[in-house]
Amino acid sequence: MKARILIIEDNPENFYLMRYLLESYEYEVHGAETGLSGLEMAPRLLPDCILLDIQLPEMDGYEVARSLRANRLLDHIPIIAVTSYAMQGDKERALASGANAYIEKPINPERFVGDVEHYIGIFKEKRGTL
Ligand code: MN
Numbered sequence: 219m220k221a222r223i224l225i226i227e228d229n230p231e232n233f234y235l236m237r238y239l240l241e242s243y244e245y246e247v248h249g250a251e252t253g254l255s256g257l258e259m260a261p262r263l264l265p266d267c268i269l270l271d272i273q274l275p276e277m278d279g280y281e282v283a284r285s286l287r288a289n290r291l292l293d294h295i296p297i298i299a300v301t302s303y304a305m306q307g308d309k310e311r312a313l314a315s316g317a318n319a320y321i322e323k324p325i326n327p328e329r330f331v332g333d334v335e336h337y338i339g340i341f342k343e344k345r346g347t348l
């Protein structure tokens, strides 16, 4: 089994596209539609990577990232922010909130899985395990 990935994303089309692409490469994919449900699922799943939308209802992705980083059980899990915010300041804000990397929407089906694998590979190298 390849890595287990938790996708926190409120837009069904984006979620289904990301899930479809990752499952095509045999990743184990779980989904949460809100930041709160993602934070509840994460300790049970202990995913190898979290794909985090920034524009989420109620609790936005920045807050979700900060909450993940504040939890000792979860603070090591790589977070890839996935958002349509294209401005440089928003990328920096996502990274400052605890995300390790950043993928822009709209999702490019030809690049998406390769980008995710690229970042997971970097995290593995840094940590020794994933
Ligand atoms: Mn969203």
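Once you know that position 113 of the sequence shown is 331 in our numbering, the rest is easy, because the numbers rise by one and skip nothing.
By construction, the Cβ of each residue, glycine as well, lies at the ideal position given by its N, Cα and C atoms.
Since the model is a prediction, treat every value here as computed from it, not as a measurement.
- Every beta strand (DSSP E) stretch that sits fully inside the region 241-327 and reaches 3 residues is listed by chain position as 246-250, 267-271, 297-301, 319-322.
- In summary, Asn318 is buried, with 16 or more beta-carbon neighbours lying within 10 Å of its beta-carbon over all protein chains present.
- CA-to-CA, the gap between Arg262 and Ile298 works out to about 19 Å.
- Taking a cut-off of 6 Å from the heavy atoms of the ligand MN, the residues with a C-beta inside it are Asp228, Asn229, Asp271, Gln273, Leu274.
- By the Cβ test, the region 230-246 is not in contact with the region 273-287, since fewer than three Cβ pairs between them sit closer than 8 Å.
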